[in-house]
Structure formats: structure tokens, C-alpha cells
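Here the sequence shown stands for residues 178 to 447, where the numbers follow my numbering.
By construction, the Cβ of each residue, glycine as well, lies at the ideal position given by its N, Cα and C atoms.
Note that this is a predicted model, so its numbers are computed, not measured.
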Amino acid sequence: WGSNFTAMKLALEEVPPFLFVALRFAILLPLLMVLKRPAIGWGRIIAIGALINMAQFAFLFAALRADASAGLASLLIQMQAPMTILLSFLVFGERVRRLQTVGLIVALAGLGVFASSAGGAVTGLGLALILAGALSWALGNLVLKRVGPVNTLALFIWASLIPPLPMLGLSVLYETPAPLATIAAMSAQGWMAVIYVALASTVLGYSIWGALLARHPAASVTPFALLIPVVGVAVAAAILGETLTPRDLLGGTVILAGLALVQIRPRRPR
Numbered sequence: 178w179g180s181n182f183t184a185m186k187l188a189l190e191e192v193p194p195f196l197f198v199a200l201r202f203a204i205l206l207p208l209l210m211v212l213k214r215p216a217i218g219w220g221r222i223i224a225i226g227a228l229i230n231m232a233q234f235a236f237l238f239a240a241l242r243a244d245a246s247a248g249l250a251s252l253l254i255q256m257q258a259p260m261t262i263l264l265s266f267l268v269f270g271e272r273v274r275r276l277q278t279v280g281l282i283v284a285l286a287g288l289g290v291f292a293s294s295a296g297g298a299v300t301g302l303g304l305a306l307i308l309a310g311a312l313s314w315a316l317g318n319l320v321l322k323r324v325g326p327v328n329t330l331a332l333f334i335w336a337s338l339i340p341p342l343p344m345l346g347l348s349v350l351y352e353t354p355a356p357l358a359t360i361a362a363m364s365a366q367g368w369m370a371v372i373y374v375a376l377a378s379t380v381l382g383y384s385i386w387g388a389l390l391a392r393h394p395a396a397s398v399t400p401f402a403l404l405i406p407v408v409g410v411a412v413a414a415a416i417l418g419e420t421l422t423p424r425d426l427l428g429g430t431v432i433l434a435g436l437a438l439v440q441i442r443p444r445r446p447r
């Protein structure tokens with residue numbers, strides 16, 4: 178998942194954002210023949226497809242196109258975690274622990290560092306787009322919280338039915354009148370990047386994540402999501418040559434500290 182952001186950046190050199198979203202999820206549709214539809218209503222599948230699969234990546238890809246580095250995008254999109262906690266409190270009345278409240282405040286402080294220095298590895302527009310993507314993901318998480326235990330991989334593959342046609346339509350309206358010609362002109366590197374994003378990230382990533390959650394307590398598994406931006410920054414530096422300013426490093430460290438506090442769960446006495 179961390180290296181996924183570098184692959185996105187490489188693909189966006191050849192494919193505009195909306196068309197990339199359409200292509201990414203269209204590649205997954207043949208898997209519908211081997212994965213049974215989860216036993217949930219179509220309304221929730223459509224909501225997850227619209228919020229997590231479509232809106233999140235439309236905003237994220239638009240930011241990565243020209244307004245954000247891959248490394249920082251992998252970090253800033255993780256603001257979905259505190260957003261989910263806050264929305265769960267507002268919508269469902271879920272209790273927010275003291276450490277989570279502190280973590281939310283710390284993460285927002287780190288975000289303020291980026292907002293005050295936008296223009297380096299992320300512009301003001303890029304920051305807004307990534308936060309919109311994180312909010313879309315968080316809203317989708319609210320739907321997921323009411324789905325119950327399902328095959329996560331199958332759910333996201335069936336939700337992949339939603340993005341292709343709307344994103345293709347938006348691409349024709351705002352990006353390119355000849356999307357098929359754009360796709361036909363893609364290089365081998367572009368195709369490899371798109372396939373990596375579609376298959377390695379979604380299929381392999383969710384399969385491993387789902388298997389871990391099935392075998393171990395969520396409190397033991399979910400903190401490892403904090404490694405996503407660490408890997409994201411490292412891979413972007415190695416492959417794309419991205420560098421971070423001291424202020425970027427400060428803001429990223431503060432956000433990671435806030436996310437770590439959000440993830441901490443108190444030990445229960447025996």
C-alpha cells in the first residue's frame with residue numbers, strides 16, 4: 178500500500194486523474210466472476226463504491242497529478258483515521274477516548290504545519306484535494322462500520338462496479354475527448370503502474386489485511402497501517418527522487434505521532 182503511491186504518480190504521467198480512476202477499477206471487473214457478492218444490500222455496495230473507490234481516488238489522483246508528492250500524499254491521506262473517529266462520534270455517538278482526543282489535536286497540529294507552508298511538496302490545492310479524499314474515505318468507513326463481517330476483498334471488488342462509467346464520463350467532459358486514444362498511447366511503464374495499483378494494491382493488499390484481521394485482534398493489526406506513509410516516503414525517495422523539506426519532516430512527524438496516539442488502545446486488566 179505504501180509503494181502504491183509511487184505507482185500512482187508514474188501512471189499519472191500518462192493518464193489524467195478521472196480516466197485513471199475509471200481504468201483502475203475497470204481492470205478489476207473480471208474478478209466478479211470468481212468472487213461471490215457479499216450478502217449485503219446494493220445500497221451499501223454503491224455507497225462504498227462511490228465514497229471509497231471513486232471519490233477518494235478521484236481527489237487523490239487529482240492532487241498527485243501536479244499538486245502533491247507521492248510520499249506526502251501517502252501520509253496526508255491517513256487523516257482518514259481521525260476523521261473516522263470524529264464522524265463516528267458525531268453520527269453514531271461512539272465514545273472518544275482521552276488518548277484519541279489528544280491524538281486528534283496533535284494530528285491537526287501537524288496538518289497546520291503543512292497548511293502554513295503549502296507550496297513545497299504539496300500546494301494548498303493539493304492539501305485540500307487530499308483532505309477531501311480522506312473525508313470521502315472516512316465517510317465510506319461509516320458505511321463499512323454498519324456492514325458487519327464480510328469478505329473485504331469481495332466487497333471492494335463488487336464496489337468496483339461503481340467508478341468506471343461516471344469517471345469515464347467526467348474524463349470525456351473535462352480531461353480528454355478521446356479517452357481510448359489516451360489509453361492506446363500508454364507505454365509499458367504506464368500499464369505496469371496501472372496494473373500494480375489495481376491488482377497488487379487492491380487484491381493483494383486487501384487479501385493480506387483481511388487475513389490478518391481474521392486471525393488477530395484488530396488492536397494488534399491496525400497500528401501497522403502507520404507504516405504505510407513510512408514506506409510511501411521511502412519508495413518515493415528511492416524511485417522518484419522526492420525529497421522532504423525540514424518543515425515537511427516536522428509536519429509529517431507530528432501527524433504520525435497524532436495517528437499513533439489515535440491507534441493506542443488501553444490494556445484491559447485480567
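(message) Can you tell me whether residue 299 is helix, strand or coil according to DSSP?
(response) The sequence position of residue 299 within the sequence shown is 122, counting from 1. DSSP places residue 299 in strand when its eight states are reduced to three.
(message) Buried or exposed, going by whether 16 or more other CB atoms sit within 10 Å of the CB of residue 282?
(response) Indexing the sequence shown from 1 puts residue 282 at position 105. With a 10 Å radius around the Cβ and a threshold of 16 neighbouring Cβ atoms, residue 282 comes out exposed.
(message) Please report the distance separating the alpha-carbon of residue 273 from that of residue 339.
(response) Walking along the sequence shown from the start, residue 273 turns up at place 96. Walking along the sequence shown from the start, residue 339 turns up at place 162. So the alpha carbons of these two residues sit roughly 33 Å apart.
(request) Could you pull out every unbroken alpha helix (DSSP H) segment of at least 4 residues lying fully inside the segment 191 to 251, listed in chain order? (result) When DSSP assignments are scanned along the segment 191 to 251, the uninterrupted stretches of alpha helix (DSSP H) that are 4 or more residues long and fall wholly within it turn out to be 194 to 203, 219 to 225 and 233 to 243.
(message) For residue 337 and residue 206, which I take to be in contact (beta-carbon distance under 8 Å), what is that distance rounded to the nearest angstrom?
(response) For this step, residue 337 is matched to residue 160 along the sequence shown. For this step, residue 206 is matched to residue 29 along the sequence shown. Residue 206 and residue 337 do touch by the CB rule: their CB atoms are close to 6 Å apart, below 8 Å.
(request) Have a look at 335, 325, 406 and 394 and flag the residue whose alpha-carbon is nearest the alpha-carbon of residue 257. (result) As a position in the sequence shown, residue 257 is number 80, starting the count at 1. When each option's Cα is compared against that of residue 257, the closest is 406.
(message) residue 259 and residue 284 - do their beta-carbons sit closer together than 8 Å?
(response) Taking the first residue of the sequence shown as position 1, residue 284 is located at position 107. Taking the first residue of the sequence shown as position 1, residue 259 is located at position 82. Result yes, Cβ atoms of residue 284 and residue 259 sit closer than 8 Å.
(request) Quick one: grab the DSSP three-state call for residue 355. (result) Position 178 of the sequence shown, counting from 1, holds the residue named residue 355. Three-state result, residue 355: coil.
(request) Return helix, strand or coil for residue 364, following the three-state DSSP convention. (result) Here residue 364 is taken as the residue at index 187 of the sequence shown, counted from 1. It is coil, neither helix nor strand.
(request) Under 8 Å Cβ to Cβ from residue 193, same chain only, skipping five residues before and after it: list those, please. (result) Translated into positions along the sequence shown, residue 193 becomes position 16. Cβ neighbours of residue 193 beyond the five flanking positions: 242, 348, 352, 353 and 359.
(message) On a Cα-Cα basis, can you pick out the residue from 422, 199 and 209 that is closest to residue 334?
(response) Here residue 334 corresponds to residue number 157 of the sequence shown, with the count starting at 1. Answer by Cα proximity: 209.
(request) Leaving out five residues on either side along the sequence, give the residues of the same chain with a beta carbon under 7 Å from the beta carbon of residue 431. (result) Taking the first residue of the sequence shown as 1, we reach residue 431 at position 254. Only 283, 286, 287 and 290 meet the Cβ criterion.
(request) Hey, could you find the ends of the alpha helix (DSSP H) residue 424 is sitting in? (result) Within the sequence shown, the letter at position 247 stands for residue 424. Segment 423 to 440, the alpha helix (DSSP H) holding residue 424.
(request) Leaving out five residues on either side along the sequence, give the residues of the same chain with a beta carbon under 8 Å from the beta carbon of residue 252. (result) Along the sequence shown, one-based indexing puts residue 252 at 75. When the five nearest sequence neighbours on each side are left out, the beta carbons in the same chain lying within less than 8 Å of the beta carbon of residue 252 are those of 406, 409, 410, 429, 432 and 433, in order along the chain.
(request) Using the Cα positions of residue 437 and residue 427, report the straight-line distance between them to the nearest angstrom. (result) In the sequence shown, counting from the first residue as 1, residue 437 sits at position 260. In the sequence shown, counting from the first residue as 1, residue 427 sits at position 250. Answer to the nearest angstrom: the Cα atoms are 15 Å apart.
(request) Throw me the rounded Cβ distance for the residue 225 and residue 321 pair, which I believe falls under 8 Å. (result) By one-based count along the sequence shown, residue 225 stands at place 48. By one-based count along the sequence shown, residue 321 stands at place 144. About 7 Å; that satisfies the 8 Å criterion.
(request) Select from 214, 262 and 317 the residue whose C-alpha is nearest the C-alpha of residue 234. (result) Position 57 of the sequence shown, counted from the start, is the residue given in the question as residue 234. Checked all of 214, 262 and 317; the closest Cα to residue 234 is 317.
(request) Enumerate in chain order the residues of its own chain whose CB-to-CB distance from residue 413 is below 6 Å, with the five nearest sequence positions on each side excluded. (result) Reading the sequence shown from its first residue, position 236 is the one you call residue 413. Listed in chain order, the non-local C-beta contacts of residue 413 below 6 Å within the same chain comprise 183, 247, 248 and 419, local neighbours out to five positions each way being set aside.
(request) Look up residue 341 in the DSSP assignment and say whether it is helix, strand or coil. (result) Within the sequence shown, numbered from 1, the residue matching residue 341 stands at position 164. If DSSP states are grouped into helix, strand and coil, residue 341 belongs with the helices.
(request) Report yes or no: do the segment 195 to 206 and the segment 372 to 384 share at least 3 C-beta pairs separated by less than 8 Å? (result) In short, these stretches touch, since the Cβ pair count reaches three.
(message) If the criterion is Cβ atoms closer than 8 Å, does the pair residue 215 and residue 331 meet it?
(response) Residue mapping note: residue 215 aligns to position 38 of the sequence shown, counting from 1. Residue mapping note: residue 331 aligns to position 154 of the sequence shown, counting from 1. It is a contact, given that the beta carbons lie within the stated cut-off.
(request) With a 10 Å radius around its C-beta and 16 neighbouring C-beta atoms as the bar for buried, classify residue 385 as buried or exposed. (result) Looking up residue 385 in the sequence shown gives position 208. Counting the other Cβ atoms within 10 Å of the Cβ of residue 385 gives fewer than 16, which makes it exposed.
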